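Everything on this sheet refers to the single structure shown next.
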Amino acid sequence: MKKAKILGSTLAALVMVAVAGILLIHNQWTDLINPFVPEQTSYAKVPQGTQRYRNVELYTATRTTPKLVLKEMTGYDPEGKYVAVRHKGQYVKRVTYVSKEVFAEKVRQ
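According to numbering that gives the first Met the number 0, the sequence shown is numbered sequentially starting from 0.
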């Protein structure tokens, strides 16, 4: 009986640590499964000539200051300069290159 109680307490503690880790640690893997991080579309200006972007400042349609900085993101068009990013926290679901006019319309700077 005592072993079962210790095993149950240990298992409960491990579950609590796992849940706390998912809720408190923000990276692409934990944000993907965290139910409290909303999926949204943001816009960004990225450097040309590269397909790997680091520290990308994301803007939403309602804010003129960056809401989030993505640690790393990859793209496929080295000529593109403005992107729409469908993301859930640090997890990037889709990157779409947009024109300067669309970027300016969505982000009021």
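Every residue, glycine too, gets a C-beta built ideally from N, C-alpha and C. The structure displayed is predicted, hence computed values, not measured ones.
Sorting L22, K105, K66, V18 by C-alpha distance to the C-alpha of V82 places K105 at the top. Counting C-beta atoms within 10 angstroms of its own C-beta, A19 has fewer than 16 neighbours from the protein chains shown and is therefore classed as exposed. At a Cβ-Cβ threshold of 9 angstroms, K4 and Q39 do not count as neighbours.
About 7 angstroms separates the Cβ atoms of L69 and V91, confirming a contact at the 8 angstroms cut-off. By the 16-neighbour rule on beta-carbons within 10 angstroms, L57 is buried. According to the DSSP assignment, V36 belongs to no beta strand (DSSP E), since it is labelled neither H nor E. In the structure shown, E56 falls within a strand segment according to DSSP collapsed to helix, strand and coil. Taking 9 angstroms as the cut-off, the Cβ atoms of F102 and Y52 do not count as close.
If the five residues before and after T49 are omitted, its C-beta is found closer than 8 angstroms to the C-beta atoms of P77, all from its own chain and listed in chain order. Per the coordinates, the alpha-carbon of I21 lies some 10 angstroms from the alpha-carbon of P34.
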